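Report on one structure; see the data block that follows.
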Amino acid sequence: MTDLSYSEEEDEFRARLREWLAGVLPGLPPKPSPDDWPGRRAYDAAWQRMLYDAGYAGLHWPVDAGGQGATPTRQLIFLEETEKAGAPYVGANFVGLLHAGPTVAAEGTAEQRARWLPPVLRGEEIWCQGFSEPEAGSDLAALRTRAVRDGSHYVVSGQKIWTSHAEVADWCELLVRTDPRAPKHRGISWLAMPMDAPGVTVRPLRTLAGSTEFAEMFLDEVRVPVANRVGQENDGWRVTMVTLSFERGTAFVGEVVACRRTLAALAGEARATGRWDDAVLRRRLGRLNAEFRALWRLTQWNVSEAERSGGVPGAGGSVFKLRYSQARQELYEAAAEVLGADACDLDREWVLDRLSSLSYTIAAGTSQIQRNIVAERLLGLPKGR
Amino acid sequence: MDFSLSEDQRALRAGMRELLAGRFGRERMRAAVESGGGVDRGLWAELGAAGFFALRLPEAEGGVGLGLPESVLLFEEAGRVLLPGPLVATHLAAGVVKGAAEGRAVVTVLDRGGPVQDLGDADALLVLGEVVSLAAPDSARGAVAVRSVDPLTALLRPVRPVVGAEPLPAMSGGTLRYEGALLTAAEQLGSAARTLEAAVQHARGREQFGVAIGSFQAVKHLCAQMLVRTELARAAVYAAAVTGDPAETAGAKLLADEAAVANARDCLQVHGGMGFTWEADVHLHLKRAWLRSGRWLTAAEAEEALASDLGAGEGAERG
Ligand SMILES: Cc1cc2nc3c(=O)[nH]c(=O)nc-3n(C[C@H](O)[C@H](O)[C@H](O)COP(=O)(O)OP(=O)(O)OC[C@H]3O[C@@H](n4cnc5c(N)ncnc54)[C@H](O)[C@@H]3O)c2cc1C
């Protein structure tokens, strides 16, 4: 608990980044509408290309994977500053940059790294995550999508669901069952599947927010080269755990900064409309201030601990996710109170965010599953039913 | 940036934990409960000798010359073991009240007319207002004993207003209030961590339906939420100790109060009927957590402070 200040080099890094952001952000085209998937893909990919050209792509990736090998602290500064400046969100690049890429970097062969990593960093290829199935959500290891070996290919059949960005993805990190006789956690393999392969059908699903964030994916005898398997055959569960630790470890950091901005804006709005005189509302916003300040500090704590131990983010990410997902929902409940009668107007700021905040206690592992993880892995309580 | 504890800080914490285990172990604590709490002068002096009160005084004045982060670690340890007495007030008065730094004097605090902790044992009384002043304890003569909810904390209610005789211009009421709130939050954090440990230990050992109750998800989830509260409070308390920022301190007090109170309640639930007995320590944690929640900075005050902070400073920075 010594030092929350930044070193001279870190301050320089921050200053250069700020300057660069101030130069490029005003020239960005307007954000496409949420329903315009090709437009969103183009926009997100272009932003990634700008980051790449400026030397900010894959900041936290290892150097031999094409990244910058930056410390977690620098990555934190990067996320903080881009968010504060209102830079575009990773968007469609999310899966490639935050989990498929790091997984390939950690577990892939030299050829696989050379093939898949550079296009992710340059914003040329978009990845999606094909883990969940209709009958395998929380119980991910129950997945049934089959991959049968046929010479140098796997022939894949089955169905995936809730696949975010599937409509515009080039690649899918796909979990398949390669040994149906093995116990369920064995017998799984991790494949990179090209989304344009014959037999892949994507059917968009409409979310409660009205948009098509995710999709169903039907796989009908899709031929995937064996060379696209990352990790050993039937060792996919271990690889998956690597992927999930990346997903929960760093995925929400920038969003805490965004929530703090939203909270300040809510206070401003409440002051402007006279709602601030309501002590109950005012105190509620005050409490949220404590939540998001502390969540930011918890992030810095986790980063410091990770830097100290030099490992990948651990189950501490689950602790963060549990509180963050709840706080985020409370933030938008408070927003609805600030908006009053206007909270029913989808065109008002914060109303769509209120709807999408509902996914935070479900996506990337539900809160119930996170609590099981915390209880069993961090507190050592016995496994049970 | 390195927010994690330094080696020296770890050593300091380990040293205090060891001292307290030796001098205020569970048996001593339970004996103190049975004898009605109060200040143990011998232990007080030992804490003084270990630097507990003089930690932040400059070395030139006989102190240890450390900062708020180190104090917070010591108070966290004190909170874990339910160490009684007006620790915070005496710590804050070191350097002002003769003997406080060495643990020879017991200093308590009078704030907004509520009952005063351990007034009967005190050598001096800090009167906390806009300005801080010092009063002799007998200026509260005739104070009436309150039947304290916390068996380890004696409480006396002054019958007429106490005026501080000696103004302390060097101490700002605001700073004192916030430092008191932070150190109290550190005690709450220690208590929250301890009740979590107790709950987990019980959940591992106690069997029902032929299995450890910790294998039931309903019990697991209670414990998991306890850890989440503790870790968020820890981040808030430690950060406030490093920055000294008032809004951050208010947040730390708010979250640590919540963690201590809610964890004690959940710990009680995990203990079942045993939790409702005098034998289990959990009621002692809950009662002390309630008491501390009402001191230095209440939830309402903290939330108001955090609300005023919105729209000013970092939280409002926009791109
Ligand atoms: C917006 C969004 C985007 C997503 N994107 C992707 C994606 O890109 N790729 C992908 O693969 N998946 C994605 N998902 C899927 C997500 O990971 C799953 O929805 C999630 O893991 C839950 O699985 P499920 O929907 O099958 O619910 P279920 O597993 O059926 O759970 C239903 C309820 O039962 C509870 N439950 C289940 N098991 C237990 C248990 N053991 N103990 C206690 N409670 C339990 C759950 O907590 C939940 O409340 C996304 C989901 C959302 C909402």
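Chains as they are written, first to last, in my numbering: chain A, 49 to 433; chain B, 255 to 573. Every residue, glycine too, gets a C-beta built ideally from N, C-alpha and C. Predicted model, so just to flag it, every value in this text is computed and none were measured.
Would the C-beta of residue i count as close to ligand 1, meaning under 6 Å from any of its heavy atoms?
i                            : result
tryptophan 210 of chain A    : yes
isoleucine 174 of chain A    : no
isoleucine 236 of chain A    : no
threonine 414 of chain A     : yes
isoleucine 421 of chain A    : no
glycine 185 of chain A       : yes
serine 259 of chain A        : no
serine 469 of chain B        : no
serine 405 of chain A        : no
isoleucine 125 of chain A    : no
alanine 472 of chain B       : no
phenylalanine 262 of chain A : yes
glutamine 177 of chain A     : yes
alanine 148 of chain A       : no
serine 373 of chain A        : no
serine 180 of chain A        : yes
alanine 478 of chain B       : no
alanine 411 of chain A       : yes
Terminal residues of the continuous alpha helix (DSSP H) containing residue i?
i                        : result
histidine 475 of chain B : 471-497
lysine 507 of chain B    : 500-525
proline 120 of chain A   : 120-132
arginine 460 of chain B  : Unbroken run through arginine 460 of chain B: none, as it is neither H nor E.
proline 228 of chain A   : Neither: proline 228 of chain A is in no alpha helix (DSSP H) and is coded neither H nor E.
glutamine 377 of chain A : 364-387
alanine 285 of chain B   : 280-288
leucine 253 of chain A   : First-last for leucine 253 of chain A: 248-253, but that is the beta strand (DSSP E), not the alpha helix (DSSP H).
glutamine 416 of chain A : 415-421
serine 352 of chain A    : 327-357
tryptophan 68 of chain A : 56-72
glycine 276 of chain B   : 261-277
threonine 310 of chain A : 301-321
threonine 151 of chain A : 149-155
glutamate 330 of chain B : 322-334
If I follow the unbroken beta strand (DSSP E) through residue i, where does it start and stop?
i                        : result
proline 86 of chain A    : Not the beta strand (DSSP E): proline 86 of chain A falls in the alpha helix (DSSP H), residues 85-101.
valine 351 of chain B    : It is not in any beta strand (DSSP E) - valine 351 of chain B carries neither H nor E in the DSSP assignment.
aspartate 365 of chain B : 361-365
alanine 263 of chain A   : 262-273
arginine 194 of chain A  : 194-198
proline 242 of chain A   : 236-242
glycine 178 of chain A   : 175-178
arginine 411 of chain B  : 409-411
histidine 201 of chain A : 201-212
valine 381 of chain B    : 378-382
Since residue i and residue j are thought to touch, with beta carbons under 8 Å apart, how far apart are those beta carbons, to the nearest angstrom?
i                         : j                            : result
glutamate 281 of chain A  : threonine 226 of chain A     : 5 Å
valine 270 of chain A     : valine 287 of chain A        : At roughly 20 Å, the Cβ-Cβ gap does not stay under 8 Å, so valine 270 of chain A and valine 287 of chain A are not in contact.
proline 340 of chain B    : valine 363 of chain B        : 7 Å
serine 383 of chain B     : glycine 427 of chain B       : With the sequence shown as reference, residue 383 of chain B is identified as glycine, and serine is not the correct amino acid for it. With 8 Å as the limit, glycine 383 of chain B and glycine 427 of chain B qualify as a contact, their Cβ atoms being about 6 Å apart.
arginine 419 of chain A   : alanine 478 of chain B       : 4 Å
leucine 379 of chain B    : alanine 394 of chain B       : 7 Å
tyrosine 202 of chain A   : leucine 169 of chain A       : Not really, about 27 Å apart at Cβ, beyond 8 Å.
arginine 366 of chain B   : threonine 438 of chain B     : About 15 Å separates the two Cβ atoms, so there is no contact after all.
tryptophan 109 of chain A : proline 78 of chain A        : That belief does not hold up - the Cβ atoms of tryptophan 109 of chain A and proline 78 of chain A are roughly 30 Å apart, past 8 Å.
aspartate 85 of chain A   : glutamate 215 of chain A     : According to the sequence provided, residue 85 of chain A is tryptophan. The question's aspartate does not apply to it. Sure, about 5 Å apart at Cβ, within 8 Å.
alanine 338 of chain A    : glycine 505 of chain B       : 3 Å
glutamate 155 of chain A  : glycine 279 of chain A       : 5 Å
valine 335 of chain B     : phenylalanine 278 of chain B : 6 Å
leucine 373 of chain B    : leucine 410 of chain B       : 4 Å
Checklist line | Contact residues within the stretch 453-465 of chain B, judged by C-beta distance below 7 Å to chain A | finding: So the close ones are Val454, Ala457, Arg458, Val465.
Notebook entry, point to check: Between the stretch 442-453 of chain B and chain A, which residues of the former have CB atoms less than 7 Å from a CB of the latter, in chain order?
Noted result: Answer in chain order: no residues at all.
Item checked: Short-range partners of chain A found in the stretch 483-498 of chain B, where Cβ spacing is below 7 Å -> When C-beta distances to chain A are compared with 7 Å, the residues of the stretch 483-498 of chain B below that value are Glu485, Leu486, Ala489, Ala490, Tyr492, Ala493, Ala495, Val496, Thr497, in chain order.
Next item on the list: Give the residues from the stretch 517-540 of chain B that approach chain A closer than 7 Å (Cβ to any Cβ), ordered along the chain.
Entry: Taking 7 Å as the Cβ-Cβ cut-off, the stretch 517-540 of chain B has no residue approaching chain A.
Margin query: Which residues of the stretch 345-359 of chain B have a Cβ closer than 7 Å to any Cβ of chain A? Give them in chain order.
Written below: Answer set for the stretch 345-359 of chain B: empty.
Next item on the list: Give, in chain order, every residue of the stretch 338-354 of chain A whose Cβ lies closer than 9 Å to some Cβ of chain B.
Entry: The residues in question are Ala338, Glu339, Phe340, Arg341, Ala342, Leu343, Trp344, Arg345, Leu346, Thr347, Gln348, Trp349, Asn350, Val351, Ser352, Glu353.
Checklist line | Contact list for the stretch 258-283 of chain B against chain A, Cβ threshold 7 Å | finding: Per Cβ criterion, the list reads Ser258, Leu259, Ser260, Gln263.
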